[in-house]
Amino acid sequence: MGRIETIRAIETSLESRRAAAGFATTPAAPDAPAVETILDRHGRASAQIIAILQDLQEQHRYLPEPELRYISRQLDVPMTRLYAIATFYKAFRLEPRGRHEVCLCMGTACHVRGGERVKDAIERSLGVAAGETTADMRFSFETVRCLGCCGQAPVMTVDGKIYGKLDHLTVGAALESHT
Amino acid sequence: MKPSDVPEIVERTLRLGEVVERLLYLDPASGRRVELEEEVPYYKKQLRLVLGDNTRIDPTDIRDYVALDGYQALRRALERMKPQAVIDAVTRAGLRGRGGGGFPAGVKWNTARRARGDRKFVLCNADEGDPGAFMDRSVCEGNPHSVIEGMIIGAYAVGAREGWIYVRNEYPLALEALALAIDQARSCGFLGERILGSGFSFDIGISRGGGAFVCGESTALMASLEGKPGEPRAKYVHTVEKGLFEMPTVLNNVETWANVPKIVLRGADWYSSIGVGDVSENPWGGSTGTKIFSLVGKVVNTGLVEVPMGTTLREIIFDIGGGVPNGKKFKAVQTGGPSGGVLPESLLDLPVDFDRLAGAGSMMGSGGMIVMDEDTCMVDVARYFIDFLKDESCGKCLPCREGLRALLEILNRIVEGKGRRGDIALLEEIAECIAETSLCALGGSAPNPVLTAIRYFRSEVEAHIRDKRCPAGVCKPLLRYRIVAEKCTGCHACFKPCPANCIAGTAKKVHVIDESTCVKCGACYDVCKFDAVAR
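This is the structure in structure tokens:
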């Protein structure tokens, strides 16, 4: 048995044990046609796996498990490798996201211009810490290391739109308009 | 300038050829109006070889680039130069890698040219991960063809048929500009089969990064291009011989590639006459050409600055940058991103080149230059960078993974006022171990922020440890906010912004901060017009 077959066999056996122990087995079926379009766009090449996952994430704003399992089967790439990639690169998420994505820059220029205090203010305003999503799924709050617009520091993006020259006194108000 | 000024500009400047005096740039330093853009102090000392065309071309239209001698260097190389002649020109020009290492590009190309392999690759590193740096983004967005032309020339020189540009996913506009430029170059015959009717064929693809700082390291970048987690490997065999898919690979960053067409077109002698040192015999003998810096932080004019190598820090920060705003005092400048260090006021006259910066314990890096004033705490900055690097360490090798965690633990306790005697020596010992034993350059240069903070700002580190005091007033656990009774007018201005509702007092009476519930956000300190909040 080759390496991939071995891993497959282990996965299948784990799956049946999970089912026997009363855990939920693989949830909902994937949206196969949508995934197929992505796979074809990248020539179904396993070397393009990062680009494939990026496209998948663009669609769902996170990587849903059924879709990942489908890709794993179609490209003959073990789930462990997909998981390794999804957890290594910061861009990937394995949990569903809020309606609005708030992304605060923690680059050096933002840091020396008070980024840390803006972060505290956002966390107080949303009631969640960086990396979390509000319970009403309204906001997901992330920090990134540099958005590359250091002249505007401190900077955040809300759904990709840039808000510059922030300060901790007014940042809460900027979030209010996003429902 | 406002829309309502337009009629006057049309009337006086366009019709009569007069200058509208009141709309001219006012130089804050001299208080004089400046007529020509080149005379504005911010631009006067710059030499914008790479950035200059950004303002003159539309990046979405290849004809603009071609009109400014674009792709003429490629034509010259293909029609009049042998590949070896191109390599020799780049070597004699003294072009060194702008991504951080400063390795001579010509030497790298030469090795790749001689290396055996069925396929060869040229790659462009546009994974600009250094926080506080955005020069490559600007070049990709503003003048993408200069990068593409550089890569085609490089591919011709080393005999590569395939190229990849590895772009940060956080730069959507750069991705768009590059993709469009590649399409246009292909339809004009600058990319693809038999370029410009020669026997040389080459094409470029784009790969989006996944958001991992370590992927700027050559072997990690190549692993990522192969669809793997971006972990570096030991370089017993260099990537120029066995790189992407085990094939000879040349990797240079955006700014390096963008310099190549200029060198081919205007000659190695012209290029090496800019900058410092003598590179005629030894490509490591100096730093030639220009370098783009991202001048940000506590400085009046923030933005991208391109100057000849060897310009001093003082010229960049004070003559071009206009110094520190709000009457504050200059304290330090951080160069080289997380792998670099902080340099103090006493080193302001240091000429900025690869070797002098390294000698001072910092490095050129990709060109981030973050100015810090007296309100910046050097321990906090060191802690910030180590925290960044701890997150970004891939974890493959132990010294980097565990060493950075240990450094962070010590720095955390120092900024919390729990520093112990001997912590400085301990930091130095761990730092040295990380630098010497890490697998890749991320770990190898990771201790620089801590070591330079200790080397140049030792007394500030000691104040945190010995006196439990943060002289710059930054480290939250060491701060106390209180109201100065003699100055408080009881105006209530501090009530509203206080998120903890911890300020008490009636109107016109002296207020009081309840320190037990204060979250130390500093909002009261910032809004008080009477300096009545002290920390």
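Chains as they are written, first to last, in the numbering used here: chain Z, 1 to 179; chain Y, 1 to 535.
Don't be surprised by glycine CBs; every beta carbon is placed ideally from N, CA and C.
query: Cβ separation of isoleucine 370/Y and alanine 9/Z, assumed to be a contact under 8 Å, to the nearest whole Å; result: Contact doesn't hold; Cβ gap of about 53 Å is too wide.
query: Test: leucine 82/Z CB closer than 8 Å to a CB of chain Y; result: no
query: Own chain, CB closer than 6 Å to aspartate 58/Y, minus 5 neighbours either side, in chain order; result: Asp64
query: Rounded C-alpha distance that separates leucine 78/Y from threonine 311/Y; result: 35 Å
query: Minimum Cβ-Cβ distance from serine 46/Z to chain Y less than 8 Å; result: yes
query: Cβ-based burial, asparagine 252/Y [other Cβ within 10 Å; buried from 16]; result: buried
query: Short-range partners of chain Z found in the stretch 275 to 296 of chain Y, where Cβ spacing is below 7 Å; result: Ser294, Val296
query: is_contact[phenylalanine 388/Y, chain Z] using C-beta, thresh 8 Å; result: yes
query: Collapsed DSSP secondary structure at serine 72/Z in the structure displayed; result: helix
query: Spatial distance of valine 66/Y from valine 128/Z (CA atoms); result: 51 Å
query: For valine 450/Y, the three-state DSSP class (helix, strand or coil); result: helix
query: Within 8 Å, strictly: CB atoms of arginine 553/Y and lysine 291/Y; result: Residue 553/Y lies beyond the stretch modelled for chain Y, which goes from 1 to 535, so this question has no answer here.
query: Contact with chain A by phenylalanine 139/Z, beta-carbon distance below 8 Å; result: This model lacks chain A altogether; the protein chains it does include are Z and Y.
query: For lysine 291/Y, the three-state DSSP class (helix, strand or coil); result: strand
query: Cβ pair count under 8 Å reaching 3, the stretch 479 to 486 of chain Y against the stretch 444 to 458 of chain Y; result: no
query: Nearest-angstrom Cα separation, counted from aspartate 53/Y out to glycine 327/Y; result: 35 Å
query: CB of phenylalanine 202/Y within 8 Å of CB of isoleucine 152/Y, strictly; result: yes
query: Contact set between valine 158/Z and chain Y, taken where Cβ atoms lie within less than 9 Å; result: The contacting residues do not exist; valine 158/Z stays about 15 Å from chain Y at best.
query: Candidates Asp69/Y, Ala105/Y, Gly117/Y, Lys108/Y: closest to asparagine 143/Y by CA position; result: Asp69/Y
query: Selection of the stretch 121 to 134 of chain Z by Cβ proximity to chain Y, strictly under 9 Å; result: Ala121, Arg124, Ser125
query: CA-to-CA distance, leucine 404/Y to isoleucine 4/Z, given in whole angstroms; result: 35 Å
query: First and last residue of the uninterrupted beta strand (DSSP E) at glycine 359/Y; result: Premise fails: glycine 359/Y lies in the alpha helix (DSSP H), 354 to 359, not in any beta strand (DSSP E).
query: Buried/exposed call for tryptophan 109/Y, threshold 16 Cβ in 10 Å; result: buried
query: Buried/exposed call for arginine 208/Y, threshold 16 Cβ in 10 Å; result: buried
query: Proline 351/Y at chain Z interface by Cβ criterion, 8 Å; result: no
query: Beta-carbon proximity list for alanine 28/Z, same chain, < 6 Å, skipping 5 on both sides; result: Pro66
query: Neighbour list for glutamine 54/Z in chain Y, Cβ cutoff strictly below 9 Å; result: Asn169, Arg208, Gly210
query: Opposing strand residues paired with cysteine 105/Z [DSSP bridges]; result: Val144/Z
query: Neighbour list for lysine 90/Z in chain Y, Cβ cutoff strictly below 8 Å; result: Gly210, Gly211, Ala212
query: Any beta strand (DSSP E) of 3 or more consecutive residues that is wholly inside the stretch 315 to 355 of chain Y; result: 330 to 335, 341 to 344
query: Closest Cα partner of phenylalanine 330/Y within the set Arg480/Y, Asp514/Y, Ala472/Y; result: Ala472/Y
query: Length of the line joining the Cα atoms of serine 280/Y and leucine 94/Z; result: 54 Å
query: Straight-line Cα distance separating alanine 126/Y from arginine 194/Y; result: 27 Å
query: Rounded Cβ spacing between leucine 95/Y and isoleucine 263/Y (contact assumed at less than 8 Å); result: 6 Å
query: Cβ contact check for the stretch 60 to 79 of chain Z and the stretch 34 to 50 of chain Z: 3 or more pairs under 8 Å; result: yes
query: Classification of histidine 111/Z by the beta-carbon crowding that lies within 10 angstroms, buried from 16 upward; result: buried
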